[in-house]
Every structure is written in structure tokens, then in C-alpha cells.
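Participant:
Numbering (the numbering used here), first residue to last: 5 to 187.
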């Protein structure tokens, strides 16, 4: 009987008081660097109460996970550091060293406003308009607005033009699509 080696597993828990989306690409980048270990990542964003943080940390302890955290709230950061020490969990604050260094350089503390992660600025409203436009111009739906498009995609029906246009719209590009249908 042939022996099958299984890769060791490492669980990473990422905790944050905002969405924590920025960790997704970093986590993906990290996991691709290790071939001989199975890294499982669980993201816990929008943690707004001490109870919610405690519950996630208890689960991390049950699974012996490595805890990455990035809280704008100093109170939550302290809870994580103290509770991880009590539970014997390794933890790393992904924001603290960066914030500390930049604070020394800038001579100011970072703003801890969660709304800064996804500000409602001109870029945001440009994306909203692009999404609205793309919905209206989907599948040749409104040919009178084609001249407003940044991009027009023409192709055979049912080949993924709409999802591509929505992707572009989320990048702020007004995208229309026109299906080619046999007569």
C-alpha cells in the first residue's frame, strides 16, 4: 500500500473592524509562496463589539489558528493582543508597525475613521454612474445611449459580455454590450 503524505495545515484568522478586503490579495499572495503547507484563511470583518471579537478568538483557539488583525480601534487591538496571550495564540497586528513608522515620519497620528477605506468621493460616484449606465446599456438594451459608452463590446450571444461589462463598470468604465444574433 502506497503511503500518502498530507500537507500540514496552518489556519490564519484575519480580524478587523472594517471589511478587511485588503487582506484577501495579501493572503492569496502569501499562500502561493508555500507549496508544502495547506494554508486556510478565514476573514472576520466588521467586528464591532467586544463579544464578537471574543467569539472569533475562542474559535481561533479551538482551531489553533494564527491570528492576524488590523483594527482601527485601539481598544479592540488591545483585546486581541491580551486574549491571544491568555489563549496561547500567536498574533500579529498588520497595521501597527506601518502606522507607527508613518506616524514618526509624518509627525501625526493616523486618522482612524473606517469610512476612509471606501470614501464617497468622485471616483466612487464615477463607478456608480458607470454601473447605472452599464445596466441600462446591457444586451443592446438602449441603443440611444451607446455614444456615451467608454467601451462597446460586440459578440455572440451568451459568451460573457454582460459580466465583463459589469466588471469594467466597477472600475468606473461605462461599458455597453451588443449581442450578435443569427438572422
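C-beta: ideal position from N, C-alpha, C; glycine also.
Bear in mind the structure is a predicted one, so any value in this text is a computation, not a measurement.
(1) Output needed for residue 85: all residues of its chain with C-beta closer than 8 Å, excluding positions within five of it in sequence on either side, in chain order.
(2) Does the distance from the CB of residue 175 to the CB of residue 131 come in under 9 Å?
(3) Please state whether the Cβ-Cβ distance between residue 184 and residue 160 is less than 9 Å.
(4) Touching or not, the stretch 99-112 and the stretch 44-51, by the rule of three or more beta carbon pairs under 8 Å?
(5) Which residue wins for smallest C-alpha separation from residue 55, given the options 125, 44, 80 and 170?
(6) What are the boundary residues of the beta strand (DSSP E) that includes residue 179?
(7) Hey, out of 42, 180 and 28, whose CA is closest to residue 147's CA?
(8) Curious, which full-length alpha helix (DSSP H) runs of at least 4 residues does the stretch 74-101 contain?
(9) Output the distance between the C-alpha atoms of residue 62 and residue 82, rounded to the nearest integer angstrom.
(10) Quick one: what's got a C-beta closer than 8 Å to residue 11's C-beta in the same chain, skipping five residues either side?
(11) If you count every other CB in all the chains shown that lies within 10 Å of the CB of residue 107, and 16 or more means buried, which is it?
(12) When the Cα atoms are used, what is the spatial distance from residue 33 to residue 78?
(13) Under the assumption that residue 16 contacts residue 45 (Cβ atoms under 8 Å), give the Cβ distance between them as a whole number of angstroms.
Facilitator: Reading it off the structure:
(1) Taking the chain shown and counting its residues from 1, the one referred to as residue 85 is at position 81. Once the five neighbours on either side are set aside, the close Cβ partners of residue 85 are 95 and 97.
(2) As a first step, residue 175 must be located in the chain shown, where it is residue number 171. As a first step, residue 131 must be located in the chain shown, where it is residue number 127. In this structure, residue 131 lies closer than 9 Å to residue 175 by Cβ.
(3) Here residue 184 refers to the residue found at position 180 when the chain shown is read from its first residue. Here residue 160 refers to the residue found at position 156 when the chain shown is read from its first residue. It is a contact, given that the beta carbons lie within the stated cut-off.
(4) no
(5) Residue numbering aside, residue 55 sits at position 51 when the chain shown is read from its first letter. Ranking the options by Cα distance to residue 55, first place goes to 80.
(6) Mapped onto the chain shown, residue 179 falls at position 175. Looking at the DSSP string, the run of the beta strand (DSSP E) that includes residue 179 is 179-184.
(7) Walking along the chain shown from the start, residue 147 turns up at place 143. With distances taken between Cα atoms, residue 147 lies closest to 180.
(8) 78-91
(9) Reading the chain shown from its first residue, position 58 is the one you call residue 62. Reading the chain shown from its first residue, position 78 is the one you call residue 82. In this structure, the alpha-carbon of residue 62 lies about 16 Å from that of residue 82.
(10) For the purposes of this step, residue 11 is identified with residue 7 of the chain shown, where counting begins at 1. Cβ within range, chain order: 40, 41 and 42.
(11) Your numbering for residue 107 matches position 103 in the chain shown. When all chains shown are included, residue 107 counts as exposed.
(12) Within the chain shown, residue 33 is the residue found at index 29, counting from 1. Within the chain shown, residue 78 is the residue found at index 74, counting from 1. The straight-line gap from Cα to Cα measures roughly 27 Å.
(13) What you label residue 16 is simply residue 12 of the chain shown in a count that begins at 1. What you label residue 45 is simply residue 41 of the chain shown in a count that begins at 1. With a Cβ gap of about 5 Å, residue 16 and residue 45 count as contacting.
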